[in-house]
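So the structure is just underneath, and the comments pick up after that.
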Amino acid sequence: MKKYIIMAEEGEKSLLEKARAELGLDLSDATLVYTGVGAINIIRSLQGLDREAELYNIGYAGSANFDLGTWVEVTEVRLNHPNVTYEEPVLTLCTRDDIRCTKAVCYSNCDFVLASEYRDCVFDMELAFIAALGFTHLHSLKYVSDNLSLHSYHELTHGVE
Numbered sequence: 006m007k008k009y010i011i012m013a014e015e016g017e018k019s020l021l022e023k024a025r026a027e028l029g030l031d032l033s034d035a036t037l038v039y040t041g042v043g044a045i046n047i048i049r050s051l052q053g054l055d056r057e058a059e060l061y062n063i064g065y066a067g068s069a070n071f072d073l074g075t076w077v078e079v080t081e082v083r084l085n086h087p088n089v090t091y092e093e094p095v096l097t098l099c100t101r102d103d104i105r106c107t108k109a110v111c112y113s114n115c116d117f118v119l120a121s122e123y124r125d126c127v128f129d130m131e132l133a134f135i136a137a138l139g140f141t142h143l144h145s146l147k148y149v150s151d152n153l154s155l156h157s158y159h160e161l162t163h164g165v166e
């Protein structure tokens, strides 16, 4: 089965070594794909991939309460729309028993989240759109870069946009 690492930006590449060292995750046999940030970039970058391929989305995420530097293996993903309520599917992801880290939900957004009442979760800008494309073997590991602070995110990522 073909294996891919999906990252939004090249500046996140250092997370691969961190995931190997801290989580024991070896993805040296995977093809690295940079998508760009957001839904349109995700769709354009990934629409041609085999839906049966094994995907690992690895990237930075914010959290209202997880400590900075926490690794989170995402169990399910939803869109974050705090101002309206409507029914939509909850998208479940693959997890691995050999990866020992926090398990949590990810909420994807179209913009950086600066405040939220949601706790014990992470926020990103790509995962729900990746999952909505229908990949059957999708994993996601998020590294908490900030506690909903754009300034802290930029400090940690050294300018990754």
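Numbering (this note's numbering), first residue to last: 6 to 166.
Note that CB positions come from ideal geometry on N, CA and C, so glycine has one too.
If you're wondering where the values come from, they're calculated on a predicted model, not measured in any experiment.
Asked                                                                                                                           : Found
Beta-carbon proximity of Ser145 to Cys115, cut-off 8 angstroms                                                                  : no
Reduced DSSP secondary structure (H/G/I, E/B, other) of Glu166                                                                  : With a pLDDT of 47 at Glu166, under the threshold of 50, the predicted position of this residue should be treated as unreliable, though the coordinate-derived value follows. Correct three-state label for Glu166: coil.
The ligand HEM heavy atom lying under 7 angstroms from the CB of Asp102                                                         : With respect to the ligand HEM, the structure offers nothing, as it holds no ligand at all.
Coil, strand or helix - Lys18 by DSSP                                                                                           : coil
Separation of Ile104 from Glu17, as counted between CA atoms                                                                    : 20 angstroms
As assigned by DSSP and simplified to three states, the class of His156                                                         : helix
For Ile135, the nearest candidate out of Lys8, Leu96, Asn85 and Leu73 (CA to CA)                                                : Leu96
Three-state class that DSSP yields for Phe140 in the structure shown                                                            : coil
8 angstroms contact criterion, which Pro94 and Ser121 should meet: CB distance rounded                                          : Incorrect: roughly 21 angstroms between the Cβ atoms, too far for contact.
Beta-carbon proximity of Ala13 to Gly41, cut-off 8 angstroms                                                                    : yes
Supposed contact pair Val118 and Gly2 - C-beta distance, whole angstroms, cut 8 angstroms                                       : Residue 2 falls outside the range modelled here, since the chain spans only 6 to 166, and no answer is possible.
Lys8 versus Leu37, Asp102 and Thr100, residue with shortest Cα-Cα distance                                                      : Leu37
Between the CA atoms of Thr90 and Gly29 - distance to the nearest angstrom                                                      : 39 angstroms
Asn85, buried or exposed, once every other Cβ within 10 Å from all chains shown has been counted against 16                     : buried
CB of Trp76 within 8 angstroms of CB of Cys99, strictly                                                                         : no
Residues of its chain near Phe140, where Cβ-Cβ distance is below 6 angstroms and the 5 sequence neighbours each way are ignored : Arg56 and Leu60
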